[in-house]
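Quick note: our numbering has the sequence shown finishing at residue 917, numbered continuously throughout.
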Amino acid sequence: MSTPARGGAEGIVGRERELGLLRSWLDAARNGSGRLVLCSGEAGIGKTRLAQELAGIALAAGATVAWGRCVETEGAPAYWPWRQVLRSLGINADRTLSGEGTEDRFRLFEDIVQVVEEMAGHDGLVVVLDDIHRADEDSVLVLRHLADQLSGMPVLVLATVRDFEPASTRLMPELLRAPSAERLALKGFGVPEVSEQLPDATTEEARQVHEVTGGNPLFVREVARAMTDGSWRPDRPPRTVLDIVGARLDRISPDCRRLVQAGAIIGRDFQIGLLATTIGRPVDDCLPLIDEAVAFGFVDRVNDSGDYRFVHALTRDAVEASLATADRAALHRALAEVLEARFAEDLSEHLAEIARHRAELAQYGEGETARLWMVRAADDAVRRLAYEEGARLYRAALATTPLPAEERSRIQVALGRAAYLAGDLQGCVTAAAAAAEAAQSPEQKAEAALVVEAVPDPGINATAKRLCEEALAITDDDALRARLLAQRSHLAFYDGEQERLDVLSAEALDLARTSHDIHALMDALRARQEACPGPAGRAERLELASEMLSLAQRTNSARAVMWGELWRLDALIESGQLAAAAEELPTLEVAVKRLGGPVSAWHHDRVAACLAQARGRYDEAAAIARRGFDRMRVVEPAPASGAYFALLISLAGHVGVSEDAAAFARQAFDPPPRFATMSRLSRSYLQLCAGLPDEAAASYRQAGPMETWSLPAFFVLPGYVYAALACAGLGRHDDLAVLLERLEPFRGEHVVGNGVAFMGPAELALGRAAAALGRFDAAIDDLTTAVRQAESAGAPGFVAEAEFHLATALRARNAAGDRDRALTVARDADRLVRSLGMTAYADRTAALLGTGEAPNGLSPREAEVAALVAEGLTNRQIAERLVLSERTAQNHVQHILTKLGFATRSQIAAWSARSDR
1 MSTPARGGAE GIVGRERELG LLRSWLDAAR NGSGRLVLCS GEAGIGKTRL AQELAGIALA
61 AGATVAWGRC VETEGAPAYW PWRQVLRSLG INADRTLSGE GTEDRFRLFE DIVQVVEEMA
121 GHDGLVVVLD DIHRADEDSV LVLRHLADQL SGMPVLVLAT VRDFEPASTR LMPELLRAPS
181 AERLALKGFG VPEVSEQLPD ATTEEARQVH EVTGGNPLFV REVARAMTDG SWRPDRPPRT
241 VLDIVGARLD RISPDCRRLV QAGAIIGRDF QIGLLATTIG RPVDDCLPLI DEAVAFGFVD
301 RVNDSGDYRF VHALTRDAVE ASLATADRAA LHRALAEVLE ARFAEDLSEH LAEIARHRAE
361 LAQYGEGETA RLWMVRAADD AVRRLAYEEG ARLYRAALAT TPLPAEERSR IQVALGRAAY
421 LAGDLQGCVT AAAAAAEAAQ SPEQKAEAAL VVEAVPDPGI NATAKRLCEE ALAITDDDAL
481 RARLLAQRSH LAFYDGEQER LDVLSAEALD LARTSHDIHA LMDALRARQE ACPGPAGRAE
541 RLELASEMLS LAQRTNSARA VMWGELWRLD ALIESGQLAA AAEELPTLEV AVKRLGGPVS
601 AWHHDRVAAC LAQARGRYDE AAAIARRGFD RMRVVEPAPA SGAYFALLIS LAGHVGVSED
661 AAAFARQAFD PPPRFATMSR LSRSYLQLCA GLPDEAAASY RQAGPMETWS LPAFFVLPGY
721 VYAALACAGL GRHDDLAVLL ERLEPFRGEH VVGNGVAFMG PAELALGRAA AALGRFDAAI
781 DDLTTAVRQA ESAGAPGFVA EAEFHLATAL RARNAAGDRD RALTVARDAD RLVRSLGMTA
841 YADRTAALLG TGEAPNGLSP REAEVAALVA EGLTNRQIAE RLVLSERTAQ NHVQHILTKL
901 GFATRSQIAA WSARSDR
């Protein structure tokens, strides 16, 4: 789809190259290849003017255009530019962005993405976000989320950003990481373009203006206006746009000057009715004054409904700068009072704006009132899931004086919770410590300690432990003590203090049960569950799950349902009851939807992904795991990454190494101390899967001698299995023999890392290890058992894996009847491997069956895929033709490229044509 040219020349000077690029990006977007274009440059360089020109081109082509403008001053509601975008598309922005009924920002962001995609329709959509360096952090997060998905949408997002702003330095690199992002940097005009803007000026005058303005279009226009009205002084040229605008203010009437100054306090956009009320004059009296302001080039009329806009942000800045301190304070006070009165019935859309005006008055003895409005605005922002904006407002409230200690502690607690939800764990712990320091009662001390969640970060946990122990020392209330002991127990879990964890969690649960406090009991049950790891603790975990679900029935608590169901599901998966777990999963999903929030959604996704992976639904598992990772990583990146990569490592054993897993295998990383051993052992196994034996050996060595290993209690069995598979692949037979002994007590169990990744029956690992050591009798016995256990569990991928290694062991032992049995088992394995799309085993089972590889190194399946590539089929079409998943087809193509040493599909096609001849 090509965008037609507009009739006549574009009404913009000196931007032909930039318009050409925008046209090409618009055409690509309308054909389904969306873009994020970051248009950058200094103030006045023409970013908004270029965006307006693009909007005109898009509208002329039949595309939809939506604008979202960020305000130059603080005080806009959270998600303000997206509110404007949604409203301009006819969407109820208040409902979409209310945050009601959910705590899940991921879901809210996805709702916005869905609206954008749906509104693009057939002709495409252009979204203009003006001045994103002024956007609230939450709006930027929405843009980042959208940018990651634009490449497959008929949507062009043009975001303008001002150079040399503190926010721009951070924003640009973040946004440019998106795969669809482009940068369009605007520079100043040359002398010829300046001359076009000054048609009556001589060449020498144009050169002088260019020297003064640097070719900045806004500055040039202001000079042109000064030349027209006679105020231009070549011998005393202005230094900035602000100088010119300030001088022009002296030439308007005093009443008009007062009017535009009040407008500047409102913001770049203002409504004539609000402006009139603020300065205490009838609207009719203001109309001639606003016409005067338009005539003098201060503001433009936006529509016929009384909306006006300063011609540029710098114009508004210059007008505001002209106010005396007393006049500025009086206008802020008047505006705050007008807003409070006008919107008294529903202040929700105006809390941040009122807070901004009140904040300006805090330094003049009105700190208490300012703080009240800031906290109200912050509470509202958090309710709307705008956690970063809430944290900013809480911090601003804490800067007001006088501030009593009791109130300071309360606000710091709120700040800590907002920071945690925003993923700012350091900000959370800092606020909690400040809240504890200001606390005026044992209750406040306890609330401060309970702000911080235990995480895999020793620095944060050290502060959390101190706060917890200080609160316990002065708290007598049973319910609070139970919650604090539960918190201290969580921290012991991350420190690997299993014995202390057992004692603390038991004490917390006893106190919680006697206190009859719902919150205390829920916290204590969670703590106790952590004290019962692995197969040995499964029975008690199921009892705790029943107690939590009973609590949920009494209280109708979705959170209690979530925890109870999670524990039941983890236990069912660990005991190999995959079908029963699948039947129970919808109950967890309902609870998570009721509860909302990224953390609860992540818990569902990690279990659902694990279950899908265990049952051989590999594409489904990868998609769910990625969704959970994206939800959780902004809140708690360490557990999000740990769960995601554990799942990818397990998938790698069956379907090969994904792009994300390959990056993890190659890049340097520093795991959390508590998970250091586990991370290095699992990474070693992944690197073997990725064909990186040297790196795998290095990772295994980094884990240290076996006697120094420290594995989290819930991950002891998976850790041993990763180590055994790594040792088998690396030929470390001495360590492998020791690991066989350590795995012996786990016979009959399934290897699961706390509902994160399923690794099959323990006998599968025992059999593979024994085979690597040449103990074929033991290996065959264990692998035969593993096949039966995996079949009983409903884990077909692990049936196929066990059958492959069983057939291999039988051929290696080569006793009477072994060859025939090996062939039968290998056939069964091959059928499963191909039906499931287990690319990591496809060539290996084919080789066992005697089909081997062609002289060119390709397996029969790969040769078949190569022929289809030569026909011009896409991966999706190949998958449909061969009844494979698209991911499997993609993996086959990648293997072909690697084996043949090619870089492109066209090389495969040419090779296939030669081979046919």
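For glycine and all other residues, C-beta sits at the position ideal for the given N, C-alpha and C.
A quick note: this is a predicted structure, and the numbers were derived from the prediction, not measured.
For S40, the uninterrupted beta strand (DSSP E) run begins and ends at 35-41, by DSSP. Excluding the 5 residues flanking it on each side, R183 has same chain C-beta neighbours closer than 7 Å at L38, S40, L176, in chain order.
Looking from the CA of Q197, the closest CA among A224, A181, G188, P179 belongs to A224. If the five residues before and after Q440 are omitted, its C-beta is found closer than 8 Å to the C-beta atoms of A405, E406, S409, all from its own chain and listed in chain order. The alpha carbon of P745 has as its nearest neighbour, out of G760, L766, L725, the alpha carbon of L766. Non-local C-beta neighbours of A334 in its own chain, meaning closer than 6 Å and more than five positions away in sequence, comprise T278, ordered along the chain. One alpha carbon belongs to A772, the other to L823, and they sit about 20 Å apart. Cα atoms of L873 and L648: separation of roughly 28 Å, rounded to the nearest angstrom. In this structure, the CA atom of A909 is about 48 Å from the CA atom of G704.
Residues of the same chain with a CB within less than 8 Å of the CB of P637, apart from the 5 flanking positions on each side, are G423 in chain order. Listed in chain order, the alpha helix (DSSP H) runs fully inside the region 636-682 are 637-655, 659-666, counting runs of at least 4 residues. Burial state of S305 is exposed, judged by a 10 Å Cβ sphere holding fewer than 16 other Cβ atoms. F219 is not a Cβ neighbour of V260, given a cutoff of 8 Å. Ranking A609, R239, H145, E118 by CA distance to the CA of P154 puts E118 first.
In the DSSP annotation of this structure, A795 is not part of any beta strand (DSSP E), being labelled neither H nor E.
At the C-beta level, E72 and G267 come within 8 Å of one another.
Looking at S679, R674, S658, the one whose alpha-carbon comes closest to that of A668 is S679.
Straight-line spacing of the CA atoms in Q426 and A800 works out to 46 Å.
Under the DSSP definition of a beta bridge, D130 partners with R69.
When only Cα atoms are considered, R248 and R257 end up about 10 Å apart. Between the beta-carbon of P77 and that of A352 there is about 5 Å, and that keeps the pair under the 8 Å contact cut. In this structure, the alpha-carbon of V241 lies about 28 Å from that of L22. Between R35 and A43, the CB-CB gap reaches or exceeds 8 Å.
Cβ neighbours of E349 within its own chain (closer than 6 Å, five residues either side excluded): P77.
Per the coordinates, the alpha-carbon of M632 lies some 41 Å from the alpha-carbon of E337. The three-state secondary structure of T315, taken from DSSP, is helix. Taking A790 as reference, the option from I573, Q444, L361 with the minimal CA-CA separation is I573. For G760, the uninterrupted beta strand (DSSP E) segment begins and ends at 758-761. The three-state reading of DSSP puts Y79 in coil, since its state is none of H, G, I, E or B. Note on geometry: alpha-carbon atoms of L472 and A433 lie some 15 Å from one another. Residue range 716-730 is occupied by the alpha helix (DSSP H) that includes Y722, with no beta strand (DSSP E) assigned at that position. For E182, DSSP records a beta bridge to V37.
Residue range 750-752 is occupied by the beta strand (DSSP E) that includes H750.
Judged by DSSP in its simplified three-state form, D307 adopts strand.
Taken in chain order, the complete beta strand (DSSP E) segments of 3 residues or longer contained in the region 179-226 are 181-185. Contact between E360 and A329 holds, since their C-beta atoms are separated by about 7 Å, short of 8 Å.
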